[in-house]
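A.B. asks: Below is one structure. I have some questions about it.
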Amino acid sequence: MAEIEIKVPPVGESITEVTIGNWFKNDGDFVKMDEVICGLDSDKATFELTAEAEGILHIKAQEGDTLNIGDLIATIEAANGAAPKETAPKAEAAAPAAAAPAPAAEPAKAEAPAAAAAPAPTGQVYEMKVPAVGESISEVTIASWSKKDGDYVAVDEILCELESDKATFELPAEAAGILTIVGKEGDTLAIGAVICTIAQTAGAPAAAAPQTAAPAAAPADKAYSEKHASPVAAKILAEKGIDPKDVNGSGSGGKIMKDDALKAEKAAPAAAPAKQAAAAPAAAPSPAGARGSRREKMSSLRKTIARRLVAVKNETAMLTTFNEVDMKPVMDLRSKFKDKFKEKHEVGLGFMSFFVKAVTVALKDFPVINAQIDGEELVYNDFADISVAVSTPRGLVVPVIRNAETLSFAAIEKEIVRLAVRARDGKLGLDEMSGGTFTITNGGTFGSMLSTPIINAPQSAILGMHNIVERPVVVDGQIVVRPIMYVALSYDHRTIDGKDSVSFLVRVKQLLEDPMRLLLDM
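Residues in the sequence shown are numbered from 633 upward in steps of one, following my numbering.
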């Protein structure tokens, strides 16, 4: 048998190496011509590698390996006209079918209406490409498919969800016809890349066709959709040794997504003792102090966060100043009015609304804190669009409270809740995360005592909140215990002088320690 070498193909002028994302075939599998055997990741996009011949696959490089263009990735032992071993069971199955012609004829009749109801293809194939979703977004990742390969789709029907480094978008069908999926879940595609094709048809399939085949096909389809895992999720579950049947999926139709696989790690130890107890007599005990590690591909959001934070550190003259705030006046005010506040406004009264109001007042007093550099000019804003950092399972996002200086405490609290829910659900739009003039981040929710937050470019400053701890302080010559919060202001020294930054932070402290000033605009 002839052996054909499969090498890493050229995938772009500036791309010199690729990483093997995941193998869709195993070593020793029989593959057909043009069948997809693995996914290759470059620094720009993800590509599929297809078999160049029919035969037995021999894998030469493993998942996660980085190879240069032209390196050997696999070989195919070409079959000399011989059928693969997998076809043998089908031949054996033909004998019982021939021996019982009557039962076999019934399915044929059932399939006839479906074939007759199939829409006639027009011969036109419509290419669906990744749309432009924002000026600064150059690539997206396919989060989940709502349709399967081969499904009939109608115009404007949602096909899949695309995840960028800023938000999640739904991709609707631009034509009606039969769907052919090109990009798989977890693939990263550049703007303009083909994500799927739609073979246009003369009409929609008859409604009766799926009903005829439903009794036999429904159980299999249901089991597939409920426990089918995306390639990334399947890889994570395999590394953890978790059966996909034990994981509840949050994707379309119960599909197991990457986040589901990551969270499954917490549930694994609870199920482990029962399995270990049953297998204890036969299984050898694991060595003490066993060490393990796993690799996980960075998401588009995480890569962008990393790139932006490094850029801010390198491109700004960032400095941080600190102060402490006695939170007792705010806490007393909340305790007194929080029940009536919630009863009237149907939202809780939190600390963040006090900080947002205090910041908007202080920004009026020190407008340079609310300014930003644009080339060789300094742009001053007479409005306060306050960005609030929100931690989500996918990473840190910063939605914006528009015109916060005009909002009441209740309106601010409602907007914070709305944005936080949309952030956790991955439904924030670009318009909800762009254009902020100042950022507030609260590390205190995770127990942080003190930190130096990094500026959210192109803004010039960011305020960091921390946890509240009872500390001894001197008040009117007496040592008393008060709830103290350390606050930090990181600022771009190119724009803001030390005097302005310190004065701004003192003004915020003054407003929080005497919150009646916020109500009286003093």
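Each residue gets a CB set at the ideal place from its N, CA and C atoms; glycine is no exception.
1) Return the bridge partner residues of residue 1045 from the DSSP annotation.
2) Rounded to a whole number of angstroms, what is the C-alpha to C-alpha distance between residue 988 and residue 1139?
3) Excluding the five sequence neighbours on either side, which residues of its own chain have a C-beta within less than 6 Å of the C-beta of residue 649, listed in chain order?
4) Which residue wins for smallest C-alpha separation from residue 1151, given the options 757, 993 and 779?
5) Measuring only the C-alpha atoms, how far is residue 949 from residue 1052?
6) How would you call residue 762, buried or exposed, if buried means at least 16 neighbouring beta carbons within 10 angstroms?
7) Does residue 1019 pass the burial test, meaning 16 or more other C-beta atoms within 10 Å, or should it be called exposed?
8) Return the residue from the list 830, 1108, 770 and 870 that minimises the CA-CA distance to residue 821.
9) According to DSSP, is residue 1098 part of a helix, a strand, or is it coil?
10) Measure from the alpha carbon of residue 1148 to the alpha carbon of each residue in 962, 1095 and 1055, then state which is nearest.
11) Measure from the alpha carbon of residue 929 to the alpha carbon of each residue in 1089, 818, 709 and 791, then state which is nearest.
12) Output needed for residue 990: all residues of its chain with C-beta closer than 6 Å, excluding positions within five of it in sequence on either side, in chain order.
13) Where does residue 776 land, buried or exposed, given buried means 16+ other C-beta within 10 angstroms?
14) Whose C-beta lies closer than 6 Å to the C-beta of residue 977 among residues of the same chain, with five residues either side of it excluded?
15) Going straight from the alpha carbon of residue 705 to that of residue 984, what length do you get?
16) Spell out the partners DSSP gives residue 690 in its beta bridges.
17) Report buried or exposed for residue 878, applying the criterion of at least 16 other Cβ atoms within 10 angstroms of its Cβ.
18) Can you confirm whether the stretch 820-834 touches the stretch 795-812 when touching is taken to mean that 3 or more C-beta pairs between the two stretches lie within less than 8 Å?
19) Could you tell me the alpha carbon to alpha carbon distance between residue 758 and residue 1004, rounded to whole angstroms?
20) Please return the same chain residues whose Cβ sits closer than 6 Å to the Cβ of residue 653, not counting the five positions on each side in sequence.
21) Quick one: grab the DSSP three-state call for residue 635.
22) Pick out the complete beta strand (DSSP E) segments inside the stretch 1020-1087, 3 residues or longer, and give them in chain order.
23) Bridge partners of residue 794, per DSSP?
24) If you reduce the DSSP assignment to three classes, tell me which class residue 931 lands in.
25) Between residue 808 and residue 786, which are expected to be in contact by the criterion C-beta below 8 Å, what is the C-beta distance as a whole number of angstroms?
26) In three-state terms, what does DSSP make of residue 896?
27) Whole angstroms is fine: what's the gap from residue 634's alpha carbon to residue 813's?
28) Whose C-beta lies closer than 6 Å to the C-beta of residue 664 among residues of the same chain, with five residues either side of it excluded?
29) Given that a residue counts as buried once 16 or more other Cβ atoms are within 10 Å of its Cβ, and exposed if not, what is residue 1136?
30) Can you round the beta-carbon distance between residue 575 and residue 1121 to whole angstroms, since I take them to be within the 8 Å contact cut?
31) Under the three-state reduction of DSSP, which class applies to residue 1002: helix, strand or coil?
32) What separation, rounded to the nearest whole angstrom, lies between the Cα atoms of residue 964 and residue 876?
33) Assuming residue 1133 is part of the alpha helix (DSSP H), what are its boundary residues?
34) Residue 1080: which of 778, 1086 and 1097 sits nearest, CA to CA?
35) Kindly indicate which residue of 1130, 1058 and 638 has the alpha-carbon position closest to the one of residue 952.
36) Would you call the CB atoms of residue 1111 and residue 1101 closer than 8 Å?
C.D. replies: Well, looking at it:
1) Partner(s): none; residue 1045 has no beta bridge.
2) 13 Å
3) 698 and 700
4) 993
5) C-alpha separation (whole angstroms): 31 Å.
6) buried
7) buried
8) The candidate whose alpha carbon is nearest that of residue 821 is 770.
9) Assigned with DSSP and collapsed to three states, residue 1098 falls in coil, not helix or strand.
10) For residue 1148, the nearest C-alpha among the options comes from 962.
11) 818
12) 1140, 1143 and 1144
13) buried
14) 1042
15) 54 Å
16) 707
17) Looking at its Cβ environment, which holds fewer than 16 other Cβ atoms inside 10 Å, residue 878 is exposed.
18) Yes: the two stretches touch, three or more of their Cβ pairs being nearer than 8 Å.
19) 45 Å
20) 671 and 673
21) Here residue 635 sits in strand by DSSP.
22) 1022-1024, 1027-1029 and 1070-1074
23) 774 and 801
24) Residue 931 falls in the coil class under three-state DSSP.
25) 5 Å
26) helix
27) 32 Å
28) Taken in chain order, the residues that qualify are 686.
29) Counting Cβ neighbours within 10 Å, residue 1136 comes out buried, since at least 16 surround it.
30) Absent from the structure is residue 575, since the part of the chain shown begins at 633 and ends at 1154.
31) helix
32) Take the alpha-carbon of residue 964 and the one of residue 876: they are about 50 Å apart.
33) 1130-1145
34) 1097
35) 1130
36) no
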